[in-house]
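Residue numbers (full-length UniProt numbering): 1 to 201.
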């Protein structure tokens, strides 16, 4: 959310204005969704189950907010073409469903984003803890085998080693890139992600 809050010397980004349409992907308990509503944006979101959608809608209602929350997936977003000015995808865009690739996820993001609209996303780094002993598959995704928390074994995630790899992979749909990097160490478990801001070409 810092991307929406502050100015950074390496960030090329038009901050959203009240009324702009923002999609919050994988909103979870809605903490980012509530923040987006507080800013006066027209907020929508997707999550993978109706139960999560219902629970978060109730939470937002208690806070006096309303958002258009629906069941969806990275590669199947139930909104019209070129509907959103901004997409926020925190720790989620790199999850790949069976039979789908990360390229499919990005194509779907581009479909619902207006031309010139912004994607703000965290993208997995291959040196992050979750990829220890992961098996790389033909499409470049990695099958998780040694999650120390035991939550994501068997999941397929896509990850990158360098910013240049990300830019090349995203470039069929996006341009005007800005990058950040986070390296969080939780008691010798290192979570590393790239932060990516780019515009639909």
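Built from N, CA and C at the ideal position, the CB exists for glycine as well.
Measure the alpha-carbon distance for residue 96 versus residue 111 and round it to whole angstroms. The alpha-carbon atoms of residue 96 and residue 111 are separated by roughly 17 Å.
With distance defined between alpha-carbon atoms, name the residue in 160, 139, 134 and 162 nearest to residue 154. Ranking 160, 139, 134 and 162 by Cα distance to residue 154 puts 134 first.
Looking only at DSSP bridge pairs, what is residue 122 linked to? According to DSSP, which records beta bridges pairwise, residue 122 is partnered with 195.
Beta-carbon spacing of residue 70, residue 53 below 8 Å: Taking 8 Å as the Cβ cut-off, residue 70 and residue 53 qualify as a contacting pair.
Establish whether the CB of residue 200 and some CB of chain C are separated by less than 8 Å. Absence of chain C from the displayed structure is noted, only one protein chain being present.
Out of 129, 106, 86 and 143, point me to the one whose CA is closest to residue 168's CA. Closest in alpha carbon position to residue 168, among 129, 106, 86 and 143, is 106.
According to the neighbour-count rule (16 or more other Cβ atoms, all chains shown, within 10 Å of its Cβ), is residue 136 buried or exposed? Its Cβ having fewer than 16 others within 10 Å, residue 136 is exposed.
Would you tell me roughly how many angstroms separate the C-alpha atoms of residue 139 and residue 45, rounded to the nearest one? Between the alpha carbons of residue 139 and residue 45 lies a distance of about 28 Å.
Through-space distance from residue 87 to residue 65, alpha-carbon basis: Rounded to whole angstroms, residue 65 and residue 87 show a C-alpha spacing of 19 Å.
For the beta strand (DSSP E) containing residue 86, name the first residue and the last one. From DSSP, the beta strand (DSSP E) with residue 86 extends over 84 to 89.
Please state whether DSSP places residue 42 in a helix, a strand or coil. Reduced to three states, the DSSP call for residue 42 is strand.
Pop quiz: residue 179 and residue 163 are said to be a contact at Cβ under 8 Å. What is the actual Cβ separation, rounded to whole angstroms? Going by Cβ atoms, the distance from residue 179 to residue 163 rounds to 5 Å, so yes, they are a contact pair.
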